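> In the working numbering, each number is its position in the sequence shown, counted from 1, plus 523.
Backbone N, C-alpha and C fix where the C-beta goes; we use that ideal spot for every residue, glycine too.
Since this is a predicted model, take the numbers as computed values, not measurements.
Once you've had a glance at the structure underneath, I'll fire off some questions.
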Amino acid sequence: MPKREGSGLQTFTWTGTDKRGTTMKGEQLAKNANLLKAELRRQGITPKVVKAKSKPLFGSAGSTITSKDVAVFSRQIATMMKSGVPLVTAFEIIAGGQKNPRMKDMLDDIRSSIESGSTLNEALGRHTVQFDELYRNLVKAGESAGVLDTILDTIATYKERTEELKGKIKKALFYPAVVIAVAIMVSAILLIFVVPQFENVFKSFGAELPSFTKMIVEASRFMTAYWYIVFGTLIGGIFAFVQAKKRSEAFSRLLDRLTLKLPVIGKIMHDGAIARFARTLATTFKAGVPLVEAMDTVAGATGNVVYSDAVRRIKEDVSVGYQLNVAMRQVNLFPHMVIQMASIGEEAGALDTMLFKVAEFYEQEVSNAVDAISSLIEPFIMIFIGVVVGGMVIGMYLPIFKLAATM
524 MPKREGSGLQ TFTWTGTDKR GTTMKGEQLA KNANLLKAEL RRQGITPKVV
574 KAKSKPLFGS AGSTITSKDV AVFSRQIATM MKSGVPLVTA FEIIAGGQKN
624 PRMKDMLDDI RSSIESGSTL NEALGRHTVQ FDELYRNLVK AGESAGVLDT
674 ILDTIATYKE RTEELKGKIK KALFYPAVVI AVAIMVSAIL LIFVVPQFEN
724 VFKSFGAELP SFTKMIVEAS RFMTAYWYIV FGTLIGGIFA FVQAKKRSEA
774 FSRLLDRLTL KLPVIGKIMH DGAIARFART LATTFKAGVP LVEAMDTVAG
824 ATGNVVYSDA VRRIKEDVSV GYQLNVAMRQ VNLFPHMVIQ MASIGEEAGA
874 LDTMLFKVAE FYEQEVSNAV DAISSLIEPF IMIFIGVVVG GMVIGMYLPI
924 FKLAATM
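Spelled out as structure tokens, the structure:
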């Protein structure tokens, strides 16, 4: 039976009738079936069947909780808090509308923690994977200042913008890679299954094959004989790359630096890091988090080790008395416009406003760049596929054209 760890609660399914005799059913957390029956009666429902929800046969039910799920939840809870809905009731409503059982269980757990006397920040602290330090610190600041509804609205906007930005950058990186991968798969299928059929036809000609055709035939023989080595090496290389990025800090750092130097993609990564820096710092500063304290969180949110290191150097300079714009200029990484906007914001006492404007500008830059690269890269991708696949087809038909010319 699925239980909420540490809360003594478990999920029950129930069926009952209301005062009009209408059949009703649902799911609810409770310590035991008797307490749930009493609660249902208090609500005017006569319980017929109350039983513990069975555990899924193969592990936990539902897909994993993604950052997009958290962003959607953030907007929902912010909207309800703005509308005056009590926090516990808001969690109950949102959990009831969840299709992902894992998300529903998490929200129910947070709700039960709040009902037991925990603050929202403390309840979120039970789920640190889904709610990072930045999220919890902002909630804590909102609770301390008595403006939780406003802070939740700020968090929701932050999560929505960062998810949108993340999606744009992923599109720029993965779209060409996926198309090229499909072209390679098509080429491999042709070499393994199609070319050998042509080779049998060529043998019946008894004539000398063109050099280009010979090259394709040899490649086909190699792929047919050693396809498992080729695909094993390819899959192993991808797996080793992913593991090295996860486990090796030195490799991850090298990859981040190289990514920033790539043509076109490098500028998108630069603009994306600046946008995340500006939006995260603006959000934390607006919530009342001191500038120096916010820097560690901002460093982790930039998404690139080069900018993370730069932000930590900025923190050191700011902590000894430098203005933010001066510290930003020292790292020699931020564009002049960003530094000037920070300077104006500090002088006018509106740093968060200026940083939000910077974030919006660079988010739009990333969006425009991704749209441009998508439209520009499509012709090159079609040329690549045409050269690889079309070249192979032409190579197979060259002997037939040659034979026809001699007849």
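Using a Cβ distance threshold of 8 Å, determine whether the segment 876–887 contacts the segment 771–778, with at least three qualifying pairs required.
Segments in contact, no.
> DSSP three-state call for A817: helix, strand or coil?
Helix, per DSSP.
> I believe I568 touches D541 by the beta-carbon criterion, under 8 Å. Please report the beta-carbon distance rounded to the nearest angstrom.
That belief holds up - the Cβ atoms of I568 and D541 are roughly 6 Å apart, short of 8 Å.
> Return the CA-CA distance between V705 and T612, expressed in angstroms with no decimal places.
Rounded to whole angstroms, V705 to T612 spans 49 Å at the Cα level.
> Taking G760 as part of the alpha helix (DSSP H), name the residues at either end of that continuous run.
It spans 734–770 - the alpha helix (DSSP H) in which G760 sits, taken as one unbroken run.
> I'd like the ranges of any beta strand (DSSP E) spanning at least 3 consecutive residues and lying wholly in the segment 596–663.
Within the segment 596–663, no complete beta strand (DSSP E) run reaches 3 residues.
> Is T803 helix, strand or coil when you go by DSSP?
Looking at T803 - three-state DSSP - the assignment turns out to be helix.
> Per DSSP, T546 is paired with what?
In DSSP, T546 forms a bridge with T540.
> Buried or exposed: where does N891 fall if 16 or more other Cβ atoms within 10 Å of its Cβ makes it buried?
By the neighbour-count rule (16 or more Cβ atoms within 10 Å), N891 is not buried but exposed.
> Compare the C-alpha of K574 against each of R565, K548, V595 and name the closest.
Ranking the options by Cα distance to K574, first place goes to K548.
> Between T806 and Y681, which are expected to be in contact by the criterion C-beta below 8 Å, what is the C-beta distance as a whole number of angstroms?
Between Y681 and T806 the Cβ distance is about 5 Å, and since that is below 8 Å, they are a contact.
> Going by other Cβ atoms of all chains shown within 10 Å of its Cβ, with 16 needed for buried, is Q653 buried or exposed?
Q653 comes out buried.
> Return the first residue and the last residue of the alpha helix (DSSP H) that T569 is part of.
T569 -> not in any alpha helix (DSSP H); beta strand (DSSP E) instead, spanning 569–575.
> Is the segment 757–769 touching the segment 740–748 in the sense that three or more CB pairs, one from each, lie closer than 8 Å?
Counting Cβ pairs under 8 Å, fewer than three are found: no touch.
> Please confirm if the segment 799–813 is in contact with the segment 866–885, defined as three or more CB-CB distances below 8 Å between the two stretches.
Result yes; three or more Cβ-Cβ pairs closer than 8 Å.
> Around the C-beta of L701, are 16 or more other C-beta atoms found within 10 angstroms, so that it is buried, or is it exposed?
In the sequence under discussion, the amino acid at residue 701 is Val, which differs from the Leu named in the question. Exposed, because fewer than 16 other Cβ atoms sit within 10 Å of the Cβ of V701.
> Measure the alpha-carbon distance for R625 versus S636 and round it to whole angstroms.
Approximately 17 Å between the Cα atoms of the pair.
> State the Cα-Cα distance for the pair V815 and K838, rounded to the nearest angstrom.
Roughly 6 Å between the two C-alpha positions.
> Sort P733, A763, V911 by Cα distance to L921 and report the nearest one.
The candidate whose alpha carbon is nearest that of L921 is P733.
> Relative to the C-alpha of Q551, which candidate in G544, T538, R543 has its C-alpha closest?
Cα-wise, what sits closest to Q551 is T538.
> By alpha-carbon positions, which one of R543, E562, G544 ends up nearest to F535?
Selected option, being the one with the closest Cα: E562.
> Between L899 and T876, what straight-line distance do the alpha-carbon atoms span, to the nearest angstrom?
Cα to Cα, the separation comes out at about 35 Å.
> Just how far apart, CA to CA, sit G620 and F614?
When rounded, the distance between both Cα atoms is 10 Å.
> Tell whether a beta-carbon distance below 8 Å holds between I600 and N623.
No, Cβ-Cβ distance for I600 and N623 is not below 8 Å.
> Classify G909 as buried or exposed, calling it buried when 16 or more other Cβ atoms lie within 10 Å of its own Cβ.
Burial call: exposed.
> Determine whether the beta carbon atoms of A833 and V841 lie at a separation below 8 Å.
Taking 8 Å as the Cβ cut-off, A833 and V841 do not qualify as a contacting pair.
> How is Q720 classed by DSSP in three states: helix, strand or coil?
It is helical.
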